[in-house]
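Per numbering that gives the first Met the number 0, numbering of the sequence shown is gapless, rising by one per residue and ending at 455. Think of the CB as a built atom: it goes at the ideal place given N, C-alpha and C, for glycine as much as any other residue. Predicted model, so just to flag it, every value in this text is computed and none were measured. Beneath this line is the structure, given in structure tokens, with notes to follow.
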Amino acid sequence: MQRRSFFKLAGTAALGAPLAHGAEALIEKPGGVTEAARELPVAGEFDVIVCGAGPAGVAAALAAARRGAKTQLIEVHGCLGGIWTAGALSWILDSGNKTGIMAELWKELGQRGARSVTPTGKGTNAYDVEAMKLMLEDLCAGAGVTIRLHTRVCAALKNSAGRVEHAITESKSGREAWRGKMFVDCTGEGDFAAQAGCGFDLGHPETKLTQPMSLMALVAGLVPGEITRYYHSEETASNWNLTKDNLRAEMERGGHSPSYAKPTLFHIRGDLFALMTNHEYGVLGTSAADVSRATVHARKEINALLDGLRGLGGIWKNLRLVATAEQIGVREGRRIHGLYTVTAEDLREGRRHADAVCRATFGIDVHATNPKKEKGIEKAGFRPKPYDIPLRALIAKDVGGLMMAGRNISGDFLAHSSYRVTGNSVALGEAAGRVAALAAKANCLPQDVKLEEAQA
Ligand SMILES: Cc1cc2nc3c(=O)[nH]c(=O)nc-3n(C[C@H](O)[C@H](O)[C@H](O)COP(=O)(O)OP(=O)(O)OC[C@H]3O[C@@H](n4cnc5c(N)ncnc54)[C@H](O)[C@@H]3O)c2cc1C
Numbered sequence: 000m001q002r003r004s005f006f007k008l009a010g011t012a013a014l015g016a017p018l019a020h021g022a023e024a025l026i027e028k029p030g031g032v033t034e035a036a037r038e039l040p041v042a043g044e045f046d047v048i049v050c051g052a053g054p055a056g057v058a059a060a061l062a063a064a065r066r067g068a069k070t071q072l073i074e075v076h077g078c079l080g081g082i083w084t085a086g087a088l089s090w091i092l093d094s095g096n097k098t099g100i101m102a103e104l105w106k107e108l109g110q111r112g113a114r115s116v117t118p119t120g121k122g123t124n125a126y127d128v129e130a131m132k133l134m135l136e137d138l139c140a141g142a143g144v145t146i147r148l149h150t151r152v153c154a155a156l157k158n159s160a161g162r163v164e165h166a167i168t169e170s171k172s173g174r175e176a177w178r179g180k181m182f183v184d185c186t187g188e189g190d191f192a193a194q195a196g197c198g199f200d201l202g203h204p205e206t207k208l209t210q211p212m213s214l215m216a217l218v219a220g221l222v223p224g225e226i227t228r229y230y231h232s233e234e235t236a237s238n239w240n241l242t243k244d245n246l247r248a249e250m251e252r253g254g255h256s257p258s259y260a261k262p263t264l265f266h267i268r269g270d271l272f273a274l275m276t277n278h279e280y281g282v283l284g285t286s287a288a289d290v291s292r293a294t295v296h297a298r299k300e301i302n303a304l305l306d307g308l309r310g311l312g313g314i315w316k317n318l319r320l321v322a323t324a325e326q327i328g329v330r331e332g333r334r335i336h337g338l339y340t341v342t343a344e345d346l347r348e349g350r351r352h353a354d355a356v357c358r359a360t361f362g363i364d365v366h367a368t369n370p371k372k373e374k375g376i377e378k379a380g381f382r383p384k385p386y387d388i389p390l391r392a393l394i395a396k397d398v399g400g401l402m403m404a405g406r407n408i409s410g411d412f413l414a415h416s417s418y419r420v421t422g423n424s425v426a427l428g429e430a431a432g433r434v435a436a437l438a439a440k441a442n443c444l445p446q447d448v449k450l451e452e453a454q455a
């Protein structure tokens, strides 16, 4: 039986942390309340603790555990996969040049019959959301990763030298502390790093606006051969933009103009498609009130758009909504300050680094931040060359023992719009997990891990 130890927590409300319950623990002050100090149970001690189990977090946990690290993965939703599963994304970008865990995931999805194939037998970027959930759980179990679902990371505790030592969580089990030698923040919004006191950037450097959110939907009742004008298929591959414009025109004919000017259907299998059709503007992924408002608004719009299409009859007559995503897709969160910041210049020049851990090849993809000017994709003004992401962009600058992976690594607004896609998130997660395991084993900081081992 595991021994329960306790950790005393001073009552500071960390960034984004929910307030504690239990009226006796609260001291009321005008405009706020202060929590009294209290003791927390230590849920466990680990070599590597990964916060957030999206594409980056799962890859980080797998890589760390496979390096022999005792690894804990903490996730707020009821499944692993983040945008892939809770977000129902269904489409993986910038994975073609990736080896390691990303290649393994595609192979495993294929073996499970969960990767979409074209009529001529070519694998596409699409996968089955439910199969992905089970597959990620199986892989984590196989690697010896301990998983905690339905648990939100809500604070970080550092030692006097500024090294992170505990993650604090809230869940049905109450508030708990998790002791770790190394931490990897894969929460997308960089929650844990911000709670630990790291500096970060958020949004456009001048306007401070972030890219809009989109709620994914799974829809069925469509015959692929009848709707090739409206989705990316082998026949339409050369002009995907046109299929989006065709779909928008149909939606408008049905009586509703989508808030995203480039609505997109991804074919998964049989009559099942994923649909991305809305933009929620002027909302922040770091505000629960904004995320709630955006989710409710988006769900209403999706239903109205689908009702309109169905009302057209013909090829749309059997269209039905299978599910809207549990989590609205948040494109942008905090970009945590690291030892290196990936910039638009890196993309323009196709910069290379000695400590490269990922080669990104995806274009700049800024979903318009101001709907009065544009409701589709903003033009970047240049086409990036394939570029490297160095390990330093994954190591937190302001605190010790903390790495980042996925969309919350250190980068500028334009660079983020390219590297954030999930093929890169997996490669970054894998590198962070591997380095975190090595640092934990050697009892050193991630920046002190030997480069040849870090890149192995
Ligand atoms: C609408 C939309 C469409 C996109 N289209 C594509 C596409 O077609 N293909 C593609 O490859 N990419 C696409 N992207 C980009 C890509 O999906 C993201 O950038 C990607 O999710 C990054 O992966 P991640 O692991 O960093 O973050 P996420 O997938 O966001 O994972 C973060 C995880 O952390 C968890 N978490 C968050 N906060 C906490 C906390 N405090 N405590 C515990 N857990 C927490 C979340 O629940 C989640 O599981 C799209 C993004 C959006 C929003």
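Residue 124 sits in a strand when the DSSP states are folded into three classes.
For residue 212, no alpha helix (DSSP H) encloses it, and the DSSP letter there is neither H nor E. In this structure, DSSP gives residue 139 a helical state, which the three-state scheme calls helix. Three or more beta-carbon pairs drawn from the region 82–99 and the region 313–331 are found closer than 8 Å, and the two stretches are therefore classed as touching. Note that the C-beta distance between residue 48 and residue 177 is below 7 Å.
Rounded to whole angstroms, the gap between the alpha carbons of residue 100 and residue 33 is 44 Å. Annotated three-state conformation of residue 314 is helix, per DSSP. Residue burial annotation: residue 161 is exposed, with fewer than 16 other C-beta atoms found within 10 angstroms of its C-beta. For residue 257, the CB stays at least 6 Å from every heavy atom of ligand 1. The region 298–361 is shown to contain whole beta strand (DSSP E) runs of 3 or more residues at 319–323 and 355–359, in chain order. About 15 Å separates the CB atoms of residue 186 and residue 170; that is not less than 8 Å, and the two are not in contact. For residue 314, the closest alpha carbon among the candidates 250, 323 and 370 is that of 250. Relative to ligand 1, residue 447 has its C-beta separated by 6 Å or more from all heavy atoms. Boundaries of the beta strand (DSSP E) harbouring residue 401: 401–403, taken from the DSSP string. Around the beta carbon of residue 416, 16 or more other beta carbons sit within 10 angstroms, so the residue counts as buried. Put simply, the backbone Cα of residue 64 is about 35 Å away from that of residue 365. Spanning the alpha carbons of residue 310 and residue 316 requires a straight line of approximately 7 Å.
Counting along the chain, the unbroken alpha helix (DSSP H) around residue 421 starts and ends at 421–441. Residue environment: residue 356 is assigned as buried (16 or more neighbouring CB atoms within 10 Å of its CB, all protein chains considered). Remark: the C-beta of residue 330 is in contact range of ligand 1, defined as less than 6 Å to any heavy atom.
Residue 222 carries a coil assignment under DSSP once its states are collapsed to helix, strand and coil. Annotation: the continuous beta strand (DSSP E) that includes residue 180 extends over 173–184. Remark: C-beta atoms of residue 145 and residue 194 do not approach each other more closely than 7 Å. Separation of residue 276 and residue 109 (C-alpha to C-alpha, rounded to the nearest whole angstrom) is 28 Å.
DSSP places residue 363 outside both helix and strand once states are collapsed to three, so it counts as coil. Judged by the Cβ position, residue 90 qualifies as a neighbour of ligand 1 at the 6 Å threshold, a heavy atom of the ligand being closer than this.
The region 378–398 makes contact with the region 347–355: 3 or more CB pairs, one atom from each, lie closer than 8 Å.
Under a 10 Å Cβ-count criterion, residue 158 is classified as exposed, with fewer than 16 other Cβ atoms of the shown protein chains found around its own Cβ. Look at the beta carbons and you see the region 368–378 not touching the region 127–137: under three pairs across the two are nearer than 8 Å. Residue 345 has its CB no nearer than 6 Å to any heavy atom of ligand 1. By the neighbour-count criterion, in which 16 or more other beta carbons inside 10 Å mark a residue as buried, residue 407 falls on the buried side. Within a 10 Å sphere around the beta-carbon of residue 233 sit fewer than 16 other beta-carbons, which makes this residue exposed. Three or more beta-carbon pairs drawn from the region 287–304 and the region 203–216 are found closer than 8 Å, and the two stretches are therefore classed as touching. Contact between residue 97 and residue 422 holds, with the beta-carbon distance rounding to 5 Å and staying under 8 Å. Under the three-state reduction of DSSP, residue 452 is assigned to helix.
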